[in-house]
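Enquirer: Numbering (our numbering), first residue to last: 13 to 293.
(1) Is residue 164 helix, strand or coil by DSSP?
(2) Tell me whether the beta-carbon of residue 139 lies closer than 8 Å to the beta-carbon of residue 252.
(3) Taking residue 257 as the reference, which of 91, 237, 136 and 188 has the closest Cα?
(4) Give the DSSP bridge partners of residue 60, in chain order.
(5) Which of the three DSSP states is assigned to residue 241 in this structure?
(6) DSSP three-state label for residue 181, please.
(7) Which first and last residues belong to the alpha helix (DSSP H) in which residue 203 is found?
(8) Provide the residue span of the beta strand (DSSP E) that contains residue 273, from first to last.
(9) Between the alpha carbons of residue 91 and residue 222, how many angstroms are there, rounded?
(10) Does DSSP put residue 103 in a helix, a strand or coil?
(11) List the endpoints of the continuous alpha helix (DSSP H) containing residue 69.
(12) Quick check on this structure: which residue in 283, 189, 166 and 119 has the alpha carbon closest to the alpha carbon of residue 248?
(13) Given a cut-off of 8 Å on the beta-carbon distance, is the pair residue 59 and residue 123 in contact?
(14) Does DSSP put residue 120 in a helix, a strand or coil?
(15) Can you grab the Cα-Cα spacing for the pair residue 288 / residue 276, in whole Å?
(16) Measure the CB-CB distance between residue 127 and residue 218 and report whether it falls below 8 Å.
(17) Give the range of the alpha helix (DSSP H) segment to which residue 18 is assigned.
What follows is the structure, encoded as structure tokens:
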């Protein structure tokens, strides 16, 4: 029940078994690794490998070529290793529920293997720059993007309301949440969006490889501790997952009628203004 709720099943994405290097790939730079490690929290809980981020920071300090030699080919070939796509999912009860018979009364904290989160941070930085330049992101999207925080969303929201009220209009807002948003990202659809915007093929290939062939084991009291396949969705524990999700839902902005459409990751806000609240409804 928990697997069906948090990791919906769908036809698996087929990936190429023979990898070829991408000629137009931007080579991995040593300073990208240093910046990614600097953003890694030493207190973050590790995944199935049980190796904390602090170990890789020390390794890079002693032998900086080692991490580079392991990650550089993955960038060139646009691939994420199949043996490193497993994750632990800690199942926690939501407090204050009268009954815990339903999976919706639980939440899952996903813990990924720390070494490849270095690469995920690097790809997140690269894809973020490309997404802004190619229009993959809507100007009214906040959260999971550098320089666009919750404060920016609140300021924009407040400014819009006061501007409309000063013009003598009645203002109404509808707040929406995408239920199970991260769990239902379709890899094929997402990669199709990237290709349509002319994103470099190596980034598209890596994204497809990163999202496909994943597995996860649920950890709770009495759990069997066996890995189960995850065929759809992007795991929230990854540094690149929030950006991929924001790109995935960006088209929702263009599907909504006129008016301010503001979003913060999976939370959307719609604004309507007219001479009366009834008109807004």
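The beta-carbon is built from N, C-alpha and C at its ideal position, and this holds for glycine as well. If you're wondering where the values come from, they're calculated on a predicted model, not measured in any experiment.
Expert: So, from the listed chains and residues:
(1) Three-state DSSP puts residue 164 in a helix.
(2) When the beta-carbon positions are compared, residue 139 and residue 252 come within less than 8 Å of each other.
(3) The shortest Cα separation from residue 257 among 91, 237, 136 and 188 belongs to 136.
(4) Assignment of beta-bridge partners to residue 60 by DSSP yields no partner.
(5) Of the three classes helix, strand and coil, the one that applies to residue 241 here is strand, per DSSP.
(6) Correct three-state label for residue 181: coil.
(7) Unbroken alpha helix (DSSP H) run through residue 203: 199–208.
(8) In the DSSP assignment, residue 273 falls within the beta strand (DSSP E) that extends over 273–276.
(9) Straight-line measurement puts the Cα of residue 222 at about 7 Å from the Cα of residue 91.
(10) Secondary structure at residue 103: strand, using DSSP grouped into helix, strand and coil.
(11) For residue 69, the uninterrupted alpha helix (DSSP H) segment begins and ends at 65–74.
(12) Of the candidates 283, 189, 166 and 119, the one whose C-alpha sits nearest the C-alpha of residue 248 is 119.
(13) Cβ atoms of residue 59 and residue 123: closer than 8 Å.
(14) Reduced to three states, the DSSP call for residue 120 is strand.
(15) Approximately 28 Å, taken between the alpha carbons.
(16) Result no, Cβ atoms of residue 127 and residue 218 do not sit closer than 8 Å.
(17) Per DSSP, residue 18 belongs to the alpha helix (DSSP H) from 14–18.
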